[in-house]
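> One structure coming up, written as structure tokens, with questions to follow.
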Amino acid sequence: MLEPQQYADLSGYEIGHQLFQDFLYRGGSHAQQALEPTYYEAVEEELAALRASPESAPASLSDQLPTPEYRALPAVDRPPRFLDVLSQLSSKVWGAYSRAKERALLRTELKKDATQVGQVLGLEVVHKVVNQVAQDPRLLMPVRESIVALEPSLLRLAMVDPRYFSDEQHPGRRLVETVAQRSFKYNDEFAGEFSEFFDPVARCFNGLNALPQVENAEPFATALTDLQTLWSEQDRSGETRRDQVVQAMRQAEERQSQADQIAYDLSLRSDLESVPGVVLDFLYGPWALVMANARIADGGRQLDPGGYGAVITDLLWSVKLEQTLKEPAKLIAMIPGVLGKLRSGLNSLGQGPKECDTFFGALMKLHEPVLELRRLRSQRDLSESQPMPLEIPLPDIPAATPEQRTPKASHQPWLGPKEQNAAGFEEPAASDRAPLASAADSSAMPLEPASGPAPLLDGEGLDQPSPGEVLLGLREGSWVDLYSKGQWLRAQLVWASTKGTLFMFVSHGGQPHSMTKRSCEKLILQRHLRPVGAQDVVGEALDALAS
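Using our numbering, the first residue of the sequence shown is number 1177, and each one after it goes up by one.
In structure tokens form, the structure reads like this:
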């Protein structure tokens, strides 16, 4: 136990000291103890010395206009400026409490007003936590300043609720934490969108500081509610856009899952014998997607919505020359209906026939012998000469390989060009050193991604986490700094495919940025995608002080 006068200056005791640990987490065995006269004598001396001290007002970094060189640096590469509870803040923003002496005077006057040991301990906890948060490099300079500027109100609250920083749900702690967490949406203190966030925070904190006395936590709860209401209004349009795109991605994933199952079911058909590999590729790929898309849109009301399953029987029969050459009239009558159904199905998926040129080219070759047979027969029927032999050249279409006969589940959902555009698909710039087969090289995302991990850049150390490990560490809600189209954006991971092969991030305004796993790994290697530590700010401050 400390001597009575020692409570007047607890700056030399860390949060990890038994004194503070017992107070914060076990109620404090001496918290209700009255303070001795020697304590007040020591505080009076401290207060007198503080009042007599000259006003210390060195030009603060925040009052100085940042140099052009500093502002020209990428937002993610600007070195954090130093700040602690002894720093002078922006007088334009924070008024009287911008001066460290004013804040110190208030704190010492509150120590003088204290009647119990718990109040003194609470004041010191607030002071230490504020100082620790002020030096958190994850927070932008104005945000750190705001926490330092709020210290007077936080100190007043500690007089009526000394242990509130030990309660994660307390409005006082939640206000600090929520503002800090909200600030992780931004990575540039000079950007207009950051000012839209910060100005209301400054007004809110100044309003709390203007209260001459704090009787309970209600003002903090009200302030937090007001800020959250404002943020909800600001976020509404962006969240609507984000939710729409995420829902579209989830639907694409469900469509792919159903398409994989449809492809497997199709592979069990008894009429696949002698069907060329190019036709099986079409059935197991694009056409399975067409059928899945129709089923999702139909909502289970029909067994074969669109009739896209029924046309398969005719399609398979039409590519078997041993049958079509025997019944050319049947094929000729069938072709328009089959082609029409195939085109309408692909159109429903947002995919035109040109995107299946290989298949349609092969289909034309497979039908050509019958059409040629009809032409030759017509010539023979019209000729008055002797019957001529019918020599029909057969197309050179490879038979299905064992691999083609067995459909493979896709590693990632297929997305059409419009879907890719809506989801904000991005790939690393082609000029970057690490090569990548870009999904943007084709009109739709390939069903199978390039195999293998992204290649290492020169000089990559083996002692660092691999890009794959970094990516695995991200969860929905994780923040990253993303270099996109020449700008550094703060973005949040809002969706990842079940197989972990597609990822969607959203930046300010609900702008989506989607990419494959391989693209993410390459961006991580290039340091164009950098995870941002956004863990509990107050909790980490307490942990750091206790260590």
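We put the CB at the ideal spot given by N, CA and C, even for glycine.
Do Val1324 and Val1301 come within 9 Å of each other at the CB atom, strictly closer than that value?
Contact: no.
> How is Asp1198 classed by DSSP in three states: helix, strand or coil?
Note: Asp1198 maps to helix in three-state DSSP.
> Pick out whichever of Arg1706, Gln1668, Pro1604, Phe1199 has its Cα sitting closest to the Cα of Arg1694.
Arg1694 has its Cα closest to that of Pro1604, out of Arg1706, Gln1668, Pro1604, Phe1199.
> Using 9 Å as the threshold, is the C-beta distance between Val1455 and Ala1538 below it?
Yes. Within cutoff.
> Would you kindly report the start and end of the unbroken beta strand (DSSP E) that includes Arg1666?
It spans 1663-1672 - the beta strand (DSSP E) in which Arg1666 sits, taken as one unbroken run.
> Start and end of the beta strand (DSSP E) containing Ala1683?
Checking the displayed sequence, the identity of residue 1683 turns out to be Ser instead of Ala. Start and end: 1678-1683.
> Using three-state DSSP, classify Leu1542 as helix, strand or coil.
Helix at Leu1542.
> Could you pull out every residue in the same chain whose Cβ sits closer than 8 Å to the Cβ of Glu1231, ignoring the five residues on either side in sequence?
Excluding positions up to five away in sequence, the list reads Arg1275, Lys1277.
> Ignore the nearest five residues each way along the sequence and tell me which others in Ser1673's own chain have a CB closer than 7 Å to its CB.
Glu1429, Gln1588, Pro1589, listed in sequence order.
> Roughly how many angstroms lie between the CA atoms of Gln1345 and Ser1266, to the nearest whole one?
Using only the alpha carbons, I get a separation of about 30 Å.
> In terms of residue numbering, what span does the beta strand (DSSP E) encompassing Leu1705 cover?
Counting along the chain, the beta strand (DSSP E) containing Leu1705 begins and ends at 1705-1708.
> Helix or strand or just coil, what does DSSP make of Asp1657?
In the structure shown, Asp1657 sits in a strand (DSSP, three-state: E or B).
> Can you give the Cα-Cα distance for Gln1437 and Cys1532, rounded to whole angstroms?
Going from the Cα of Gln1437 to the Cα of Cys1532 covers about 21 Å.
> Counting pairs of Cβ atoms below 8 Å between the segment 1442-1456 and the segment 1483-1494, do you hit three or more?
As far as the Cβ criterion goes, the segment 1442-1456 touches the segment 1483-1494, which means the pair count is three or higher.
> From the DSSP output, in three-state form, read off Phe1601 for me.
Note: Phe1601 maps to strand in three-state DSSP.
> My output table needs one value for Glu1212: the three-state DSSP class, helix, strand or coil.
Coil at Glu1212, not helix or strand.
> Does the distance from the CB of Val1352 to the CB of Val1714 come in under 9 Å?
Yes.
> Report yes or no: do the segment 1407-1421 and the segment 1676-1693 share at least 3 C-beta pairs separated by less than 8 Å?
Contact holds: three or more Cβ-Cβ distances are below 8 Å.
> In whole angstroms, what is the alpha-carbon distance linking Tyr1431 and Asn1469?
First, the amino acid is wrong: residue 1431 is Arg here, not Tyr. Arg1431 and Asn1469: Cα-Cα distance of roughly 6 Å.
> Pull the bridge partners of His1689 from the DSSP assignment, please.
Bridge partners of His1689: Phe1681.
> So Gly1294 and Gln1208 are in contact, right, with Cβ under 8 Å, and what is the actual spacing, rounded?
Gly1294 to Gln1208, Cβ: 7 Å. Contact.
> Would you list the residues sitting across from Pro1250 in a DSSP beta bridge?
In DSSP, Pro1250 forms no bridge with anything.
> Assign Gln1527 to one of three DSSP states: helix, strand, or coil.
In the structure shown, Gln1527 sits in coil (DSSP, three-state: anything other than H, G, I, E or B).
> Per DSSP, what kind of secondary structure is Pro1242 in: helix, strand or coil?
Coil.
> Does the distance from the C-beta atom of Arg1349 to that of Leu1286 stay below 9 Å?
No, they are not a contact pair.
> Please determine if the segment 1501-1508 and the segment 1539-1551 are in contact, where contact requires at least 3 C-beta pairs separated by less than 8 Å.
Contact holds: three or more Cβ-Cβ distances are below 8 Å.
> Between the beta-carbon of Leu1326 and the beta-carbon of Asn1392, is there less than 9 Å?
No, Cβ-Cβ distance for Leu1326 and Asn1392 is not below 9 Å.
> Between which two residues does the alpha helix (DSSP H) harbouring Gln1437 extend?
First-last of the alpha helix (DSSP H) with Gln1437: 1394-1443.
> State buried or exposed for Leu1387, treating a residue as buried only when at least 16 other CB atoms are found within 10 Å of its CB.
Burial call: exposed.
> To the nearest angstrom, how far is the alpha carbon of Tyr1216 from that of Ala1225?
Rounded to the nearest angstrom, the two C-alpha atoms are 14 Å apart.
> Strictly by DSSP, which residues pair up with Ala1367?
Partner(s): none; Ala1367 has no beta bridge.
> Check the C-beta distance from Ala1252 over to Asn1363 and give it rounded, since I have them as a contact under 8 Å.
Position check: residue 1252 holds Val in this sequence, whereas Ala was assumed. Rounded, the Cβ-Cβ distance is 6 Å, consistent with contact.
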